[in-house]
Structures are given as C-alpha cells and as structure tokens.
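Here's the structure, in structure tokens; my notes come after.
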Amino acid sequence: MLIIPKKYKQKLLAETTEVAIQKIKDSFQRELGRALNLRRVTAPLFVLSGTGINDDLNGVESPVSFPIQACGGRRAEVVHSLAKWKRLKLHAYDIAPGFGIYTDMNAIRTFEDLDNLHSLYVDQWDWEKVIRDEDRNVAFLKDIVRKIYAVVKKIEKDIYEQFPHITPLLPDEVTFIHAEQLLRMYPDFDPKQRENEIARKFGAVFIIGIGDALSDGKPHDGRAPDYDEWISLNEEGYHGLNGDLILWNPVLETAFELSSMGIRVSPESLRRQLMQRSCMERADLPFHKALLEGSLPASIGGGIGQSRLCMFLLQKAHIGEVQASIWPEEQIRECERAGIHLL
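For this note's numbering, add 65 to where a residue sits in the sequence shown, where the first one is 1.
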C-alpha cells in the first residue's frame, strides 16, 4: 500500500541524490568487505532452470524465464537472489573459514506489489562467508549482525558529514529478539504489526527465527527450506539461526526491512526442512545433492538492499527516488502531487 507522508520535503535534489547514491554504494561495499573479510566477485543475472540454484523465496513466486537458443532451447531464469549460488562459489574458490565473498545482485520480481518499498527491480549486496561447525550458534549470528549494523552506522555518519541537514536517525545499538518472544509481547497483532511496534520502540531490531512455525502455529514470515536454517533449536531455547534486520523509518512511520540473513542449512537440517515443507524431490537437484553429500562448506550469508539503504540514509519517501524502475501511472501522479519525484 502506498504511503504518502504528511508535509514531505526532499532533503536532496535529484542531481545531488545521484551523487549521494554513488557515495553510499561505494563506501558501504568497501566497509562491508573490511568488516566481514569479504572480497568482491562477479555474479550472474540468470541461471539455468532445474538446477536448484535459484532462490525460491517463499516457494510460490515464479521467476522471469526464457529459452536459450544456443543451448538447444534450455530455459534460464532471472535470479531472485543468490543465496545458494554464493555457497557454490565458496566451494569453487576453496575459501577458508572466516573469509567470504560479496557481489552485486540484480533481480526482476514481477510479482511484487509496487509501493514505497517494493519495486520490480531488486538490487542488493549478496554476501556469503565460510564458517566453522562450532560457529553454528546464535552468539555468532549476533556478532555478524552487529558488524553489519556498525557499517550502516558509519555510512550514516559519513552522509551527515557531507550533508549536515540529513541528521542521523539510528540508535547506537541493534536490539535482538526472537520471533516467538515478539509474538508473546504482541499476541493480538499480526507479524507486520509486531514489527512496527518493536521497530518503533527500539529503532533497530534483529528478529531471529524466520520460517518455522511459532506457538500460534504460523511462521513470522516465509522462508524457503534450502538456504537459511530455521528448524533447529538454538542455545537460547528457540528455533532458528536466521533473521531480518528491521529499522524504524520515521519518514514513512513504519518498520523498514533492510536485510535478511542467516546461518545456512547443514545436510541434516536441509533434509528436515525439505521434509517439513513436503518438497523432498529437491534432494535430487544438483545443488541440494551436493549439500546433502557434504560437499559444500558451512556458511553464513544474506542480502542487504542497496536501494533500501540509500532510501533510508537519504530519508526518502519512495524507493523510486533512488532507483529507476516502472510504476503504475496513478502512483506516479500521486507521488508527484506529494512532492515525491520518482527517477
């Protein structure tokens, strides 16, 4: 649903916004690489269908696909994200524990409901890092989240130094909460309402445990069964080793998801999650087969929205102010009337 803020005023003109976008993107990927020991790699825009490599998101979204004439009509599909492709790349490059990769991921998601935060075009930094088996715990997950959040805070400060009228919004620390704890705090709210309440309260929160059913019988949000680990019982007594980084966006007065990430499935947890979702047929796909055979390294990874980060740090009201995409004509007109100028 489109949100039109009251008395919205752009902090930067379009030309200056373009300069700021470049600064954010150049600085953030450099600092992220330093913080997590990542090096940049080149990523595909599309992969072959039927390999199990593409991200299934919630398992119901259809990718953009097309036949390849030079390959006898085999079909390729535009990636939804690179969650599984990155793990294959870690194995191919034989990357040591404690080190990893990041890349620019570009996707087309034709099924999105277009609004302030959702676009047909998705751009994010996809990253993946090799870990040891003993790192498969919530404490390690939280440490990685804090490092990423520290990078976001640093770039926020850099933007303020260049544009002093864009004052920082983020709290000093990110707050951690499990989705089950959040449900118990707000039992009468749906997941999005719970996210709004907790984000408004703390400013920045990481919600752990996305994918498995909570005590009300429903997951906080959907997760595919074959990348993040959400089924295992962790050391804090809850299920899951993954989560979402949510910020409070005062421009839109709503929760604002910046990143989804997690420790990746082990062979055992992959099998359990495939069984729970009734899709054991995936076990015969090349990616899943390699993982079940123990050929792929243990890893942690995620995606960080590029346009979303720029939108938040530049205090924009619509993602179309920081990326070029296609929008319904009525949405363009409604935004224009409110002083929201889409690129």
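Think of the CB as a built atom: it goes at the ideal place given N, C-alpha and C, for glycine as much as any other residue.
Query raised in the report: What is the DSSP secondary structure of N261, reduced to helix, strand or coil?
Result: N261: helix per DSSP, three-state reduction.
Query raised in the report: What first and last residue would you give for the alpha helix (DSSP H) that runs through K381?
Result: No alpha helix (DSSP H) contains K381, which DSSP labels as neither H nor E.
Report task. Grab the span of the beta strand (DSSP E) containing S364 for me, first residue to last. Result -> It spans 364-370 - the beta strand (DSSP E) in which S364 sits, taken as one unbroken run.
Report task. Report the partner residues of M170 according to the DSSP bridge assignment. Result -> According to DSSP, M170 bridges with Q189.
Requested in this report: Go ahead and label F424 buried or exposed: buried means 16 or more other beta carbons lie within 10 angstroms of its beta carbon, across all protein chains shown.
Outcome: An answer regarding residue 424 cannot be provided, because it is not within the stretch 66 to 408 covered by the chain.
Query raised in the report: For A85, which of G137, M250, L379 has the nearest alpha-carbon?
Result: For the residues G137, M250, L379, the minimum Cα distance to A85 belongs to L379.
Requested in this report: Quickly, what does DSSP pair M326 with across the bridge? List them, please.
Outcome: M326 is bridged by DSSP to G308, G367.
Query raised in the report: In whole angstroms, what separates the C-alpha of E142 from that of T116?
Result: Approximately 11 Å between the Cα atoms of the pair.
Report task. Look at E193 and S184 and say whether their C-beta atoms are less than 8 Å apart. Result -> Not in contact: E193 and S184 (Cβ atoms no closer than 8 Å).
**Report entry** Which of helix, strand or coil DSSP assigns to I405
**Finding:** Looking at I405 - three-state DSSP - the assignment turns out to be coil, as it is neither helix nor strand.
Query raised in the report: For L153, which of E346, L182, V106 has the nearest alpha-carbon?
Result: Ranking E346, L182, V106 by Cα distance to L153 puts V106 first.
Query raised in the report: In terms of residues, what are the limits of the beta strand (DSSP E) holding A141?
Result: 139-143 is the extent of the beta strand (DSSP E) around A141.
Query raised in the report: Going by the CB atoms, is the gap between G366 and S324 shorter than 8 Å?
Result: Result no, Cβ atoms of S324 and G366 do not sit closer than 8 Å.
Query - Assigned secondary structure, L235 (DSSP; H/G/I helix, E/B strand, else coil) - result: The answer is coil: DSSP assigns L235 none of H, G, I, E or B.
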